[in-house]
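Take a look at the structure below.
Protein chains in written order, with this note's numbering: chain B, 1 to 362; chain F, 1 to 362; chain P, 1 to 362; chain U, 1 to 362.
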């Protein structure tokens, strides 16, 4: 944690223009006095900002811009006569399209991520045994997957549920990679385990419940290892990009975003797949987007529809749960596909990919 | 309203098996007494149900099934010792796949709805003038639309916003149909206007805010006119199908469901497009599903991605806002496509439709 | 409907300053050209607005203010180079504290609503029989209620559920008033029934599902009858006040707002009681706020806690479901209190009322 | 992490009846075959469960109960012919009222938590300087607070925001305790820092974003230090109690739950205060509930209403942000009270507490 703070201050040094320019509109209440208005202006200028004053019959607004002291929004928001503050500049920088106009792309184990071809990550929710993961690895490879997924450390809402095999699971994943050549992605849940997981995994996954686990984001940022960042189940798209910013701020540029459904009032599906978020994230950011139709629906019957939809909407890849025998799975059995259904889906997805000028390489 | 009640009682008569079979599980609290359990059983049997009793060490459950008196769930739910009730049978009947296994399809102005070919409805949010709607009708027809949309009566959150041209707007729509041959769909907002709107429109639209306006549902049900039923912005899929049931209960079978986005915490888009709802509704019901990517995103930049995604997910058609000059639109300008963008989108959508073994007829 | 439009145009005439002044901030995209900016300014000035221009290094903003043509927000929002629009003035006028600083209060059947004393409305969800409503009326009066509630027309998600007794129910309510002296509140669900319901009821209730049934809002506005307006289950506080504005725009000033819980992801309770909305609505508006703890929780066990909380938060009254025999209720039995529990609750509520310098008159 | 797993397996040993009994209802699809039904029964019995079979005309249900192998729900859920599974037993054990009927109460620095008297925790969002925290400590003590709050490690959505003073902040907190005698509560954000924070703090706070950071829950559980567990902003009440279960499973019984508002569609307030959750959590669990009206509203103007409401609803204490100069606060200035307002609020809260037969000791 100490080192990460150090790094952070360095990032402040070499990114001054990114981290400090702020722009906001201060809307004064109808009953604000002249003194109230003058106080806001004085405060902002003392803090190092330029101000723009615009008085109307019913309302006065004050523009505040510059690279003054941070957290000015909350401070001005509390001043007498201020009704509300509207921030104008986006709070994320390195993650934004303004910072980097071209799509980010990089190579993992020979597979281009963020390019014209879509990347398919597949495998079981949890690594359950050596034979289960190796069998599945062969099956998903044959079906067309490029990367093997499998959880060794599992976030479970109950302390009494299966929590994963831990390092033993990582070893099985590595064996499966050796046998099939598939790079592996697996979740890391705490900062202290980042070095260990990096020894085995090609891609670190940050789960939805950890999207705002900042100590973990700093640790994976510092690791310089490729990262797939799931969106939190009730996180704004903007917050998701801010969490990516934590990782990027360490100079770790190989970050993928993953939409996996959000929590809404609807209960028929496990989550509501925010298909809009794919196009929005592509618009706001240069980072690749990976769709997770398994969590986004929670029921295997709907995975194919969601998978094809995400490709039509512009996803750069998918991460899909596949289990050789879902009815025996130790976790997420209800949303896992059997290998043969996955193979059929790959064929169907390729057709949709071609229809939107993308492809899924064999 | 009087007549509709009459009709309803008739529908009760000729649909006895549909309307009355109930099945639920009554879960008794850990501290429930033997008398509590006996009382539940006695009550349910008095009300005309069969019961199944199953006692465990920690919990007792009582199954209740049959065609006894209605509203039994709430009544049992209040009895001493009852912890909760789980209804087992779905509350909609005529709308369900169990009632009718094959997809519903029907013909409107020569266009098959619910068949292999997708139907495209396009046009402005509001009818603003004779020339605007006629110009748009020609443009969307040329681009490939099959049905013209346009609002004559507009639900607006502010009483000070443009409320639509009313009957004058309906007349312009009819003129546009005469000139182009496109059938028209338009919203009806109150029961008293159903006969008037039926005189002009080929399809009645029930807007999201009226999905549970039961007097209106009865009125459009009785009209025997084709209906497109938008999902309410915070309605469960089940409630949406229940609202369809209101219309169907009048013997009006030409009902389309339309997913138009739900309200969530995300604010970047106007709504969150519940893409899962398309596959779920197709699974639970035989009714055609029409996607509305314009409201589901609220921003024209994201309409194309959402439109293509909805086709990949299995939609039977789309309803899309198109305006010759969105920057001058009196409503929903931010989510309207220009005709040339719409024409391009039709081409792109056709490619996706073919990739999922559907088509968009020219 | 025709007349109501007429009335609306009259209200535009005598409230020009309220209905037409707009103020918004137009935020230009980083890549907006000088021409884009000039076009926005030209458009706004052509439309009759004053503009304020403020250019920064990264972003340019343009303030737009005045009483120009309506719907300008959506039109400017579509112009090239515009990133987003921030409206500054609130969209409701007559409902706002700015329009009327003092709390609205009025008298119904001898009971002051909106004053220091809280008003208690109580009774069954549905009127089920003559004896049921008369018995309940006596019981709630004795317990301390001031107004009798009871539904004659019931909005039900299923067409197969009990839909209310209709006019027969209204007659029983009137009899109960005659016997007890309690004024009555009952729901009206469609414009055509407003005159009939006005004949019997002292207060018209607009249910949550009809909060944006604009034809109905116009009809109750025109009736000049007191109205209680429930908040829609997924409606913003702002939209709720806009719906009140529809009623107020007809010169009908006796409007009460009622918070009854919103729909969220939480499923343990029927709704999530938005207790914040009470203080917020009191802050933004001068209208009285009535809490509905029965729907806000959906379980009688939690009604007392929610009722007391709403008083502590500043509610001006409560509407509570009471049924002599909840286990036999035809609707909402799970959230209804027995009369003796209600009587105990009145005593408990009075203590809380006194602790916040209010009272519940006996 | 290793040790915590060890502990967990021990807790499995001494709590066999708690951790393993499962009960669920399996609802078979209408089209399920006899073989499907037999397979479910065979599977469940092989896994060590008892089954109960109940066949209806339209639907068959199978009750499954016992202490068989875990994760049975997901496995059965995937079997052919199964429509859905309804779990009957609650997934939390030690946190439940069934496990412990009497309210949990314990003493911190002479203050009883969970007893008749309410506990007040107050102080700034962030520790900003030695003088700021000491000055605030004196002010809140004088106003009636019992415990001092202040963040040394701050979770911030932006990596560019003030992240807290770290250990320096802990030292200032300890100094403030020495000067005033107030015990201190402060947030811990990562497992590696738990020992350090335990050295300084009397109560560890788990923030909303970390409610499902399981490594952290294990670490604070093992620490045997008192814990305040905030509810996640989109967490079910059930999940919140499951997270408490993680801590309790280590034998750490001094756990407080804290409701701090949930994320909904409403944007006027920062969060929606789920006031129902207070009574529900008291009903389901024996743990004390602390309300956080500052985060639950996000605006200081509404803190008093929410604070009083939470007491009326049954909260056992409150945690409130107080800052000597909110307009200069480095975080959460908009929701912080000035000391004099807090002092007034304590007086007002005491009146409400007395009105519900509680008290706030001076």
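Where a beta carbon is used, it is the ideal one built from N, C-alpha and C, also for glycine.
Residue range of the unbroken alpha helix (DSSP H) whose run includes residue i
{"i": "residue 283(F)", "result": "276-284"}
{"i": "residue 180(P)", "result": "167-180"}
{"i": "residue 247(P)", "result": "237-248"}
{"i": "residue 96(F)", "result": "Neither: residue 96(F) is in no alpha helix (DSSP H) and is coded neither H nor E."}
{"i": "residue 39(F)", "result": "34-46"}
{"i": "residue 129(P)", "result": "From DSSP, residue 129(P) is part of no alpha helix (DSSP H); its letter is neither H nor E."}
{"i": "residue 219(P)", "result": "214-223"}
{"i": "residue 308(F)", "result": "300-312"}
Candidates the options, of which the one nearest residue i by Cα
{"i": "residue 116(B)", "options": "107(B), 124(B), 122(B)", "result": "107(B)"}
{"i": "residue 111(U)", "options": "184(U), 126(U), 46(U), 234(U)", "result": "184(U)"}
{"i": "residue 59(P)", "options": "83(P), 46(P), 41(P), 65(P)", "result": "83(P)"}
{"i": "residue 182(P)", "options": "98(P), 140(P), 350(P)", "result": "140(P)"}
{"i": "residue 249(B)", "options": "158(U), 43(U), 125(U)", "result": "158(U)"}
{"i": "residue 192(U)", "options": "206(U), 216(U), 35(U), 175(U)", "result": "216(U)"}
{"i": "residue 199(U)", "options": "218(U), 209(U), 224(U)", "result": "224(U)"}
{"i": "residue 269(U)", "options": "174(U), 298(U), 283(U)", "result": "298(U)"}
{"i": "residue 284(B)", "options": "92(B), 41(B), 79(B)", "result": "92(B)"}
{"i": "residue 138(P)", "options": "338(P), 354(P), 65(P), 152(P)", "result": "338(P)"}
Residues bridged to residue i [DSSP beta-bridge criterion]
{"i": "residue 230(P)", "result": "258(P)"}
{"i": "residue 387(F)", "result": "The structure shown does not extend to residue 387(F), since chain F spans only 1 to 362, so no value can be given for it."}
{"i": "residue 115(P)", "result": "According to DSSP, residue 115(P) bridges with nothing at all."}
{"i": "residue 147(U)", "result": "121(U)"}
{"i": "residue 321(P)", "result": "123(P)"}
{"i": "residue 53(U)", "result": "62(U)"}
{"i": "residue 264(P)", "result": "Note: residue 264(P) sits in no beta bridge, so no partner."}
{"i": "residue 337(F)", "result": "322(F)"}
{"i": "residue 25(F)", "result": "63(F), 86(F)"}
Cβ distance (whole Å) where residue i is taken to contact residue j below 8 Å
{"i": "residue 279(F)", "j": "residue 276(B)", "result": "Between residue 276(B) and residue 279(F) the Cβ distance is about 17 Å, and since that is not below 8 Å, they are no contact."}
{"i": "residue 331(B)", "j": "residue 154(B)", "result": "6 Å"}
{"i": "residue 130(U)", "j": "residue 172(U)", "result": "5 Å"}
{"i": "residue 168(U)", "j": "residue 329(B)", "result": "Contact flag wrong, Cβ pair sits at about 48 Å."}
{"i": "residue 23(U)", "j": "residue 319(U)", "result": "In fact, because the Cβ distance is near 37 Å, the residues do not count as touching under 8 Å."}
{"i": "residue 273(F)", "j": "residue 304(F)", "result": "The pair is not a contact, with the Cβ atoms about 13 Å apart (cut-off 8 Å)."}
Beta-carbon gap between residue i and residue j smaller than 8 Å
{"i": "residue 323(B)", "j": "residue 336(B)", "result": "yes"}
{"i": "residue 292(U)", "j": "residue 258(U)", "result": "yes"}
{"i": "residue 88(P)", "j": "residue 26(P)", "result": "no"}
{"i": "residue 213(U)", "j": "residue 271(B)", "result": "no"}
{"i": "residue 234(P)", "j": "residue 349(F)", "result": "no"}
{"i": "residue 231(F)", "j": "residue 208(F)", "result": "yes"}
{"i": "residue 109(F)", "j": "residue 150(F)", "result": "no"}
{"i": "residue 205(U)", "j": "residue 187(U)", "result": "yes"}
Enclosing beta strand (DSSP E) for residue i [first to last residue]
{"i": "residue 106(P)", "result": "106-108"}
{"i": "residue 291(B)", "result": "289-291"}
{"i": "residue 64(F)", "result": "60-66"}
{"i": "residue 84(B)", "result": "82-87"}
{"i": "residue 357(F)", "result": "Here residue 357(F) belongs to no beta strand (DSSP E), and DSSP marks it neither H nor E."}
beta-carbon residue i near the ligand GTP non-hydrogen atom, thresh 7 Å
{"i": "residue 279(P)", "result": "In terms of ligand content, the structure shown is empty, and the ligand GTP therefore cannot be addressed."}
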